Structures are given as C-alpha cells and as structure tokens.
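Protein chains in written order, with my numbering: chain Z, 20 to 355; chain F, 33 to 367.
Note that the Cβ used here is the ideal one computed from N, Cα and C, for glycine as well.
Since the structure is predicted, the reported quantities are computational estimates derived from the model, not experimental observations.
Let me begin by presenting the structure, written as structure tokens, before commenting on it.
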Amino acid sequence: MSGRFILSRGAGRVVAFAAMVLALGAAFTLAEPRFLSNANLAGIARHMAANGLAALGLTFVVIVRRFDLSLAGVAAFTAMTMGAVIAAGLPLWVAVLVGLAVGVGLGLVSGLAISRFGMPDIVTTIGVGSICAGLAFLYTGGRSIFQNFFQSGITDLNDARLLGLGVSLWFLLGIYGLAWFVMHRTRTGAAFYATGENPVAAYYSGIPTRRYVTLAFVACAVCTVLAVLLILAESGNAETNKGANLMMPAYAGVFLGAAIMGGTSVLASFAGILLITMLLDGFALMGVPYYYSDGVVSLILLGGVVLFSDAARGWLAGLLVLLPAKAPATQGEKRG
Amino acid sequence: MSMSLSGPAQPAPQRKRSFARIITNLWLLAALVAMTLAISQQRPQLLDPGNIATVLRSFSIMVIMVLGLTWVIASGKIDVSFMQVAALANMTCAALLQQGWGWGAAIAAAIALGLVVGLVNGGLVARMKLPPLIVTIATAGMCASAAAALGKGTVIRIADPGPLRGLLETTLFGAVPVIVLPVLGLCLLAWYAQERLAMGRYIYAMAQNEAAVVAVGVPVGRIVVLLFALSGASAALAGVLLAANLSSGQPTIGGAYLINGLTVVLLGGMMVHVGKPNILGSVTATLFLGVLFSGAALLGLPDYQRQIIQGALLLTGLAVATGAARMHAHRRKGN
C-alpha cells in the first residue's frame, strides 16, 4: 500500500535520492580517487550486505511502530553461538540453522513480552540485548573463536563471486526482493502496515495485531543473524564485539531512507543504507578516525529526520514556493 | 511509541489487589535488606567501612546521573543520550583543565554543555514532534563522538584533584563520603517538586494522556524541554563527578551507564508509585544495584555474569511494574 504510493507518486524523491548518491560519490572521488576502485566498490557492497540486512530487520519493527535496541546483543550472542558450532566441527548449514533458531527464540522473547504482556518496547529490548551480550561470553569467556572457520567454507560467502558481483550482495538483493514482495505486494505486508498505522482499527478488521508485532521482532532477529553470518564470513572469526557496529548504521539507514522516501518501506531502507554505507566506507578510506565518522552518521540521522519532519516541511512550504504544493503528508514514523 | 507502563485494564482476581500494593511499596526495600544480609553472610567484607564508602561514592554519582532521567521516563518519553552526555561532560572537564582552566570554570562549562544538549533534545522532541528515541540516539552518537574527539580517542589525565575530590574522598564515620549529603539534599528537593508541585502532577499526567494535558492548558512543550534539559544537566554533573573521582576524562565511560541507568529507573518504578518511575524509587534502586555489584565483585562473579543478572533484573522489574500497573488500572476502574 505504502510502497505503491511511494513508487507512483515519489518519482521526485527517487530523483533526489539518485542525486544524493551521485553527489556523495563525486565528493568522495574528488577527495580520494581510490573511492571508485574495484576494491573499494567491492568493500562497499560487502559492508552494505551486512548493514542492509540489519536495517531490513529494523524496518519490520519500525513499520509496526516499535523499536528494537537488542540488535547489538543479539548479534554478539548469535555470532558466538554460530562460531561455537563451527568450531565444534559441525557443517556450516548446522551452524546457520542453530543461529537462526536462536534468533527466532530471542525474537519471540522480545516480541511476546511486548505484544502479549504489554511491556514497553525500548526498555524490554535493551534488557534482552544486555542479557544476550552477557551470554555471548559463555562459550569462551570472551576469547575469539576461529577454529574450523576456513574448513567450514563460511569464508566463501564473502569471497565467492557470481556474475562479477560478490555472493553476499546477491544474498542481500535476494532477501530484499523477498521482503519487498511480502511487505508491498501481499496481504501480510498490508497487515504489518495496518498494525503500525492503527492497531485498533486493524484489530477490528480481523488482523491479529499482536501476532504481527511478535512476527516483526522475530523477523528483525532473523535478519540480524543473517547480517552477523556475513560479518563472520568476512572476518573469519567470531568475537563478542561482532555486530557492535550494526545498530547505529541500521537506525540511520532506516530513518534516513524513510525521510528521503517519505515513509518507512523496504526500498526506503535500501536507499538509506546505501547512502550510510557509502559515507562510512568513504570516511574509512580517507582515514577519518572512527570517532568522527560515528558523529557524522548521527548528525546525518538527526539532520534527515529534522529536515523531512512535518514541522520543517510546514516551515519550508511557507518559505519556498519552489517546493511541490502537495507534499505528501506522511505521518509515518515521525510521531512520538 | 508510548513508554507508559499502564497497559489496558485486564480483569484480575480480587485478592491480588492488596498484594500488588504491598509489592509495589516495600518490595525493593525488603529485597535490598535481604540481599545485603545474604551477601554479608558469605562475604562480611561487604559491610567494611571502606567498602561501604566505595558503594556510597558510586551510588552518589549514579543517583545524580538518573535524577533527570527518572522524570523523562516518568513523563512517557525516553532519553538514551544521558550516559554520553556524562561522557562528554567528563571529557570536556578534563580537556579544559588540561588547557589550564580552573575547576570552577571547567565544571560550569561542562554542565552548560550538558544543559545545551538537553535543550536540543527537548526542543526537537517538543517543538518538532520527533520521536525521542531517534533524537536521543543521534545526540548520544554525536556526544560520544565529540567526547572521543576531545582526547583524540584516548584518556585525558587530570593533575589537580580539585575541590570535588575532597567531597568524594572525605568520609564521615569512616564510611559515608561527604558527597552523599548534598546528593541526598538534591534528591529531597526533587522529591518535593515531584510530590508537592504542580509540575510533578503534570509529569505523570503526561504519561497517561498527553493530549488531555495539552487540552487543559498546561504548557506541555515547555515542560518537555525542561525535563530533557534537567536530564542533560544532571547527567553532565555526574560526568563532572566522574572526572573528579577517576582523576581523568574517559571517552568511553558512557557505554556501561545506559543499561545501569535504565535498570535503576525502571526498577525504582516498581516502588512507591505503581509502575511509575519516581525519585525515591530511583534512589533505592541505585543503592540496590550498588550493593548487588559490590557483592557480585566480592563473590568473584565475572563481569558478563553481572551483566546477565542485571538484564534479568531489568526485565523482572519491568514485568512486575507492567503487571502491577494493569492491576492498578483495573482497581481504579472497579471503584
């Protein structure tokens, strides 16, 4: 529903997004010509795959108007779990299945606590995240796990190529395609949006809203596990701080994308995470210290939500006649 | 995104009502006493004057850190930038002292900075109607970034101990650091404001139904700005105290305080006022957590086990508070 709306009415927004990508790319290329090198573009694609999956998970939760702050904890715990399974000599697919099962379990815990028992989303997920971050130390007391990683073939997820592009990028595109189809072309997707827009109306329309809220948290945890899998594949070992850097880009990507595209959607998150990943990789390439790049991502997140907020749009519309008269008034995620 | 703990009214059996009252009023205090006794049975060192002084010192800093946060959460909003505001104030204080500023000026500058971050948070939430979580995640990121940038990613040492050091180190009866007195005075003041001033009523009313409070003519926007500003200023004060306590500016000190602060406020929300964060609850919960951590360290539990216990505690507190709020809502409806 929302997706179709954006696709048909939002041509201007797509053009604005393309212009931002080009401007960002041009700026980085001017500052550092290696930005367009094959190695760097491949790096962007790889990081985008992990960041993008985390952002996709968050998208589901944001669509049902909740927040999930357990990303980092879930990532750490599932990274160590999958690492421990691989180190035990079991095949890769077993590790992935175990990781996914743990993810589903954790998503169910948060989702049920929030939807069934009415616990507040933010604090519940912070608590679950904290427990997970602690549990991540159970296997090795905090030491890195690397045994059997090369034999298990997990690094192929990072190194293998298909039609000239990295496998992880295809993986990302496939999952985004699936998510786009479900969220924007099926009744299930419409039910997710209805649950977020007006849970009471959705409930009386026969949508089991609690189930969809739970489902959103499960989907978020599963996507986080997939993101972690790619991070493990890239680094070739499992550490307890894996995934600590997933949360901020995911939030920035989802909300920047929603700001640019005029509403939270699968495509908006894709657009947002592309911009954020370009930015982070560009800064890393230029040797900007990590503490500045974190600040810039935060600034862009804040700038994005401020510039595209209803209040700012009202002021701008008063100031500039250049703006389209019928700015789509999406109340979307901007409501407290 | 509503942070209010009171869910929809659910039918509950009659006998549970008085039970809910007892839980919410005395639970935490009784648990604190029981835990202190249990741990001191195993490890008598817990009640050594030196250990008590250490516990009370970090208690004082923690209480200041969550003083403003308590009301922000009580009003149905959230602030996840407080710990990074503390880190930024901590580093600002240390950096300015390194530049040759006096302690007084450095403290004033650090607290002013915290106030500014709070005003920005409050302004964006109240005037621009942006979600508090997103706003404070972003300002937290910027504060953390600025804190690290101030020291180029490393620690700044403070040579001159300064006047606050005396407050933290000097003890009454060998066990109570002097800092506890002004901190408790501040808490009493806050308790008075919360219980006896109109502002305190408005805070809780906002959590229930903000539109209704706006409709009766309360300047809700101004109160929200004030609450976030208080949260920023009190977190900054805690950051300054940390600078004095550690004799250094630590850029990454914020991280650990997020979960601690929220645990304290939510756990305290189980006490005195059902399902509502309040000052007295936060103070008790801070002491509870302080004793728990000290006990865990004496019992030799590794850090990660402490983290698991704390997360479980946070979720338990949350579940009990949510359940109690439901029963409470039912009782009000029933009468």
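Point to revise | Any alpha helix (DSSP H) of 4 or more consecutive residues that is wholly inside the stretch 32–98 of chain Z | key: Every alpha helix (DSSP H) stretch that sits fully inside the stretch 32–98 of chain Z and reaches 4 residues is listed by chain position as 57–82.
Exercise for review: Have a look at Gly232(F) and Met302(F) and give me their C-alpha separation to the nearest angstrom.
Suggested key: The residue given as residue 232(F) occupies position 200 in the second sequence. The residue given as residue 302(F) occupies position 270 in the second sequence. Each residue's alpha carbon lies about 18 angstroms from the other.
Exercise for review: Kindly indicate the opening and closing residues of the alpha helix (DSSP H) around Thr214(Z).
Suggested key: Residue 214(Z) sits at position 195 when you count from the first residue of the first sequence. Counting along the chain, the alpha helix (DSSP H) containing Thr214(Z) begins and ends at Arg206 to Glu216.
Review point. Taking Cβ-Cβ distances shorter than 8 angstroms, what residues in chain F pair up with Thr143(Z)?
Key: Translated into positions along the first sequence, residue 143(Z) becomes position 124. Neighbours of Thr143(Z) across chain F, judged by C-beta separation under 8 angstroms: Leu347 and Leu350.
Practice item. In the DSSP assignment, find the unbroken alpha helix (DSSP H) run with Val104(F) in it and report its ends. Key: The residue given as residue 104(F) occupies position 72 in the second sequence. Start and end: Pro81 to Ala106.
Review point. How far does the alpha helix (DSSP H) with Gln77(F) in it reach, from first residue to last?
Key: Stepping through the second sequence from its first residue, residue 77(F) is reached at position 45. For Gln77(F), no alpha helix (DSSP H) run applies, since DSSP gives it neither H nor E.
Check your understanding: Can you find a CB in chain Z that lies within less than 8 angstroms of the CB of Leu274(F)?
Key -> The residue given as residue 274(F) occupies position 242 in the second sequence. Not an interface residue.
Review point. Using CA coordinates, which residue listed in Tyr195(Z), Gly148(Z), Thr159(Z) and Arg162(Z) is at the minimum distance from Ala263(Z)?
Key: Here residue 263(Z) refers to the residue found at position 244 when the first sequence is read from its first residue. The candidate whose alpha carbon is nearest that of Ala263(Z) is Gly148(Z).
Review point. Between the beta-carbon of Ala181(F) and the beta-carbon of Tyr223(Z), is there less than 8 angstroms?
Key: Reading the second sequence from its first residue, position 149 is the one you call residue 181(F). Reading the first sequence from its first residue, position 204 is the one you call residue 223(Z). At the C-beta level, Ala181(F) and Tyr223(Z) stay beyond 8 angstroms of one another.
**Study point:** Unbroken alpha helix (DSSP H) run spanning Gly134(F), endpoints
**Key:** Taking the first residue of the second sequence as position 1, residue 134(F) is located at position 102. Segment: none, Gly134(F) is in no alpha helix (DSSP H) and carries neither H nor E.
Exercise for review: Note down the Cα distance separating Gln74(F) from Gly82(F), rounded to an integer number of angstroms.
Suggested key: Locating residue 74(F) in the second sequence gives position 42, counting from the first residue. Locating residue 82(F) in the second sequence gives position 50, counting from the first residue. One C-alpha to the other measures close to 18 angstroms.
Review point. Leaving out five residues before and five after Leu182(Z) in sequence, what residues of the same chain have Cβ atoms less than 6 angstroms from its Cβ?
Key: Taking the first sequence and counting its residues from 1, one reaches residue 182(Z) at position 163. Excluding positions up to five away in sequence, the list is empty.
Practice item. Spell out whether any CB of chain F is found under 8 angstroms from the CB atom of Ala152(Z). Key: Here the question's residue 152(Z) lines up with position 133 in the first sequence. It does; some Cβ of chain F falls within 8 angstroms.
Exercise for review: My understanding is that Ile295(Z) touches Ala277(Z), with C-beta atoms under 8 angstroms, so please give their C-beta distance in whole angstroms.
Suggested key: Translated into the one-based positions of the first sequence, residue 295(Z) becomes position 276. Translated into the one-based positions of the first sequence, residue 277(Z) becomes position 258. With 8 angstroms as the limit, Ile295(Z) and Ala277(Z) do not qualify as a contact, their Cβ atoms being about 13 angstroms apart.
Review point. So, is the C-beta of Ala98(Z) closer than 8 angstroms to a C-beta in chain F?
Key: On the first sequence, residue 98(Z) is found 79 positions in, with the first residue counted as 1. Answer no: the Cβ-Cβ gap between Ala98(Z) and chain F never drops below 8 angstroms.
Review point. Can you name the residues of chain Z whose CB is closer than 8 angstroms to the CB of Met160(F)?
Key: Within the second sequence, numbered from 1, the residue matching residue 160(F) stands at position 128. Ordered by position in chain Z, the residues that pass the 8 angstroms Cβ test against Met160(F) are Val325, Ser328, Ala330 and Ala331.
Check your understanding: Mapping DSSP to helix, strand and coil, what is Gly349(F)?
Key -> In the second sequence, the residue the question calls residue 349(F) occupies position 317. Correct three-state label for Gly349(F): helix.
Check your understanding: If Asn153(F) sits next to Gly264(F), beta carbons under 8 angstroms apart, how far is it from one beta carbon to the other, in whole angstroms?
Key -> Here residue 153(F) corresponds to residue number 121 of the second sequence, with the count starting at 1. Here residue 264(F) corresponds to residue number 232 of the second sequence, with the count starting at 1. Between Gly264(F) and Asn153(F) the Cβ distance is about 7 angstroms, and since that is below 8 angstroms, they are a contact.
Practice item. Going by CA-CA distance only, name the one from Val117(F), Leu88(F) and Val296(F) that's closest to Gly349(F). Key: Sequence index remark: in the second sequence, residue 349(F) carries index 317 (1-based). Considering only alpha carbons, the answer is Val296(F).
Exercise for review: State the Cα-Cα distance for the pair Ser288(Z) and Asn260(Z), rounded to the nearest angstrom.
Suggested key: Translated into the one-based positions of the first sequence, residue 288(Z) becomes position 269. Translated into the one-based positions of the first sequence, residue 260(Z) becomes position 241. Approximately 24 angstroms between the Cα atoms of the pair.
Check your understanding: Mind listing which residues of the stretch 224–244 of chain Z have their C-beta closer than 9 angstroms to chain F's C-betas, in chain order?
Key -> Those would be none; no residue qualifies.
**Study point:** Candidates Leu88(Z), Arg65(Z) and His66(Z): closest to Gly76(Z) by CA position
**Key:** Taking the first sequence and counting its residues from 1, the one referred to as residue 76(Z) is at position 57. For Gly76(Z), the closest C-alpha among the options Leu88(Z), Arg65(Z) and His66(Z) is that of Leu88(Z).
Exercise for review: Take the Cβ of Tyr224(F) as the centre, count every other Cβ of all protein chains shown within 10 Å, and call the residue buried at 16 or more, exposed below.
Suggested key: To locate residue 224(F), count along the second sequence from 1; it is residue 192. Tyr224(F) should be labelled exposed.
Practice item. Using only alpha-carbon positions, find the residue among Arg162(Z), Thr207(Z), Leu298(Z) and Leu188(Z) that is nearest to Gly102(Z). Key: Within the first sequence, the letter at position 83 stands for residue 102(Z). Cα-wise, what sits closest to Gly102(Z) is Arg162(Z).
**Study point:** Selection from Gly225(Z), Leu191(Z) and Gly153(Z) that minimises the alpha carbon distance to Gly92(Z)
**Key:** The count along the first sequence starts at 1 and reaches residue 92(Z) at position 73. Of Gly225(Z), Leu191(Z) and Gly153(Z), the residue nearest in Cα terms is Gly153(Z).
Point to revise | Straight-line gap, Leu342(Z) to Gly31(Z) (C-alpha atoms, nearest Å) | key: As a first step, residue 342(Z) must be located in the first sequence, where it is residue number 323. As a first step, residue 31(Z) must be located in the first sequence, where it is residue number 12. Low confidence applies to Leu342(Z): its pLDDT is 48, below 50, so where it sits in the model is not reliable enough to give any reading.
**Study point:** Any chain F beta carbon closer than 8 angstroms to Pro308(Z)
**Key:** One-based indexing of the first sequence puts residue 308(Z) at position 289. True, the Cβ-Cβ gap to chain F drops below 8 angstroms.
Review point. CB Tyr289(F) to CB Phe156(Z), shorter than 8 angstroms?
Key: Working through the second sequence from its first residue, we reach residue 289(F) at position 257. Working through the first sequence from its first residue, we reach residue 156(Z) at position 137. The Cβ atoms of Tyr289(F) and Phe156(Z) lie no closer than 8 angstroms to each other.
Check your understanding: List, in order along the chain, the chain Z residues whose C-beta lies closer than 7 angstroms to that of Ser177(F)?
Key -> On the second sequence, position 145 is the one that residue 177(F) refers to. Here the neighbours are Tyr310, Tyr311, Asp313, Gly314 and Ser317.
Point to revise | Proximal residues of chain Z, C-beta to C-beta of Thr171(F) below 8 angstroms | key: Position 139 of the second sequence holds residue 171(F). What Thr171(F) touches in chain Z: Ser317 and Leu321.
Review point. Does any C-beta atom of chain Z lie closer than 8 angstroms to the C-beta of Lys365(F)?
Key: In the second sequence, residue 365(F) corresponds to position 333, counting from 1. In this predicted model, Lys365(F) has a pLDDT of only 49, less than 50, meaning its place in the structure is not dependable enough to derive any value.
Practice item. In angstroms with no decimal places, state the Cα-to-Cα distance between Ala222(F) and Phe260(F). Key: Looking up residue 222(F) in the second sequence gives position 190. Looking up residue 260(F) in the second sequence gives position 228. Note on geometry: alpha-carbon atoms of Ala222(F) and Phe260(F) lie some 15 angstroms from one another.
Review point. Is it buried or exposed for Val248(F), if we count other Cβ within 10 angstroms and need 16 for buried?
Key: Looking up residue 248(F) in the second sequence gives position 216. Exposed, by the Cβ-count rule.
Exercise for review: Please name the residue in Val117(F), Thr168(F) and Gly185(F) whose C-alpha comes closest to that of Ser266(F).
Suggested key: By 1-based counting over the second sequence, the position of residue 266(F) is 234. For the options Val117(F), Thr168(F) and Gly185(F), the alpha carbon positioned closest to that of Ser266(F) is the one of Val117(F).
Check your understanding: In chain F, which residues lie with their C-beta within 7 angstroms of the C-beta of Met202(Z)?
Key -> Residue 202(Z) sits at position 183 when you count from the first residue of the first sequence. Those do not exist, as Met202(Z) stays about 20 angstroms from chain F at its closest Cβ, beyond 7 angstroms.
Check your understanding: Is it the case that the Cβ atoms of Ser280(F) and Val187(F) are separated by a distance below 8 angstroms?
Key -> Along the second sequence, one-based indexing puts residue 280(F) at 248. Along the second sequence, one-based indexing puts residue 187(F) at 155. Annotated as proximal: Ser280(F) and Val187(F), with beta-carbon spacing under 8 angstroms.
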